[in-house]
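Residues 1197 to 1549 (my numbering) are what the sequence shown spells out, left to right.
Positions of the beta carbon are idealized from the N, C-alpha and C atoms, including for glycine.
Notes for the one structure printed next.
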Amino acid sequence: MPERPRRLRRTPALRALTREVHLSPAHFIYPLFVHELPDESPIASMPGVSRHSISGAVAQAREALRLGVPSVILFGIPDHKDAHGSGAYAEDGIIQRATRAIKAAVPELTVMADTCLCEYTDHGHCGPLCEVPGQSGAEAWTVDNDRSLELLALTAVSQARAGADVVAPSAMMDGQVGAIRAALDAAGFSDIPIMSYAVKYASAYYGPFRDAAGSTPSVGNRATYQMDPAGGHREALREARLDAEQGADTLMVKPALAYLDVVRLLRDHFDLPLVVYNVSGEYSLVKAAAQLGFMDERRTVLENLTAMRRAGADAIITYHALDAARWLTQDVLQEDAMRPVIPEQDAVPENGA
């Protein structure tokens, strides 16, 4: 046989030489939940993840940077919630205070702020509610799109004013990127990029996040504004195109694993940086299987993250970030230790003497 693909798999060095996809801590964005309490609060449905105090979030941010993870994204859990999510855009809101603290302590770290209202509303939706005429039951209420745009714009400006390096609108409101871009520019923050949750599905994989953030809708559902999982490629392209046209600097697909075909689709059609969100349900599935002894956690996590990179993601938001960074660093150290030591030769004079 003239072609034997196994020749290039024969040794670890050959496999490393021919890899097309590379994964490093520099590709990770680490999500942090920040609450008003002084103590850390473990999240039962997300083993290894906690709600952090502001000082705890600062410590996590320092550890992320030490491990080579260059970015965090913040999610706030306020003491008080109301119908309009006013805690999201309060100048002394939990995210605003956490951002100031992290930037003061770790200025070289990139701080991203999730720009949404769902963690701050008493009904758990991503904006103020309005009735839908002629509907009943779960479909009788939906989010007031255009009123939400005003509040999302206020939120983004307050986050930028607090020192956020990037704002990340995730509400899936029509026109949210354009409204936020206009508000940031008018407030003097034209250099703050928008990382848009451009293609975000109404997914079952968000369950543990809603437990962590206390954002499960109390009425209705999010299917009227988040995308239908069976919507197909045309809808994904339309959503991404609209956000790109409105000024998004980065596009995102959420969730990641169940939508790698969509990640590849956006990579092939857009030249903007592309982020994926390795969401809470994807994280918890691996954790639960590993705790039961059904899967090797390290190998599974790194394989999943590599798949996201292979599909076209430039960066990955993942709760595995710190563990994955440690594992990747250990791999590099082991590879260095296995390299043969080549003895230095005595120098030979140029004249050959």
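| Check | Outcome |
| --- | --- |
| Residue of 1355, 1394, 1454, 1265 minimising C-alpha distance to residue 1401 | 1454 |
| Member of 1497, 1404, 1397, 1413 whose CA lies at the smallest distance from the CA of residue 1422 | 1397 |
| Cα-Cα separation, residue 1237 to residue 1353 | 29 Å |
| Euclidean distance between Cα positions of residue 1285 and residue 1412 | 20 Å |
| C-alpha distance - residue 1388 paired with residue 1268, whole-angstrom precision | 16 Å |
| Cα-Cα separation between residue 1469 and residue 1332, rounded to whole angstroms | 41 Å |
| Whole-Å CB distance - residue 1218 paired with residue 1512, under 8 Å assumed | Not quite, the Cβ-Cβ distance comes to about 13 Å (not below 8 Å), so this is no contact. |
| Neighbourhood of residue 1256 by C-beta, 7 Å cutoff - its chain only, sequence neighbours within 5 removed | 1228, 1248 |
| Segment limits, alpha helix (DSSP H) that includes residue 1207 | No alpha helix (DSSP H) holds residue 1207; DSSP gives it neither H nor E. |
| Assumed close pair residue 1564, residue 1459 - CB separation to whole angstroms, cut-off 8 Å | The structure shown has nothing for residue 1564, since the chain only spans 1197 to 1549. |
| Per DSSP, cross-strand counterpart(s) of residue 1278 | 1317 |
| Residue 1230 (DSSP reduced to helix, strand or coil) | strand |
| The stretch 1294-1314 in contact with the stretch 1259-1278 per 3-pair CB rule at 8 Å | yes |
| Beta-carbon proximity check, residue 1301 vs residue 1250, cutoff 7 Å | no |
| For residue 1200, the three-state DSSP class (helix, strand or coil) | coil |
| Candidates 1488, 1515, 1489, 1507, of which the one nearest residue 1497 by Cα | 1515 |
| Three-pair Cβ contact test at 8 Å for the stretch 1281-1295 versus the stretch 1374-1385 | no |
| Residue of 1304, 1336, 1410, 1477 minimising C-alpha distance to residue 1319 | 1410 |
| contact_flag[the stretch 1421-1435, the stretch 1354-1370] where n(CB pairs < 8 Å) is 3 or more | yes |
| Residue 1239 vs residue 1356 beta-carbon contact at 7 Å | no |
| Runs of beta strand (DSSP E) lying entirely within the stretch 1343-1393, each at least 3 residues, in chain order | 1362-1365 |
| Residue 1446 vs residue 1358 beta-carbon contact at 7 Å | no |
| Segment limits, beta strand (DSSP E) that includes residue 1247 | 1246-1248 |
| C-beta contact flag for residue 1373 and residue 1486 at 7 Å | no |
| Anticipated Cβ contact below 8 Å, residue 1436 with residue 1456, distance rounded | At roughly 15 Å, the Cβ-Cβ gap does not stay under 8 Å, so residue 1436 and residue 1456 are not in contact. |
| Inter-residue spacing [alpha-carbon to alpha-carbon] between residue 1211 and residue 1348 | 47 Å |
| Which listed residue (1208, 1258, 1506) has its alpha carbon closest to that of residue 1299 | 1258 |
| Rounded C-alpha distance that separates residue 1327 from residue 1399 | 23 Å |
| Span separating the alpha-carbon of residue 1524 from that of residue 1220 | 7 Å |
| Beta strand (DSSP E) segment containing residue 1482, residue limits | Looking at the DSSP string, residue 1482 is not in any beta strand (DSSP E); the run it does join, the alpha helix (DSSP H), is 1476-1487. |
| Nearest-angstrom beta carbon gap, residue 1449 and residue 1395 [assumed within contact, 8 Å] | 5 Å |
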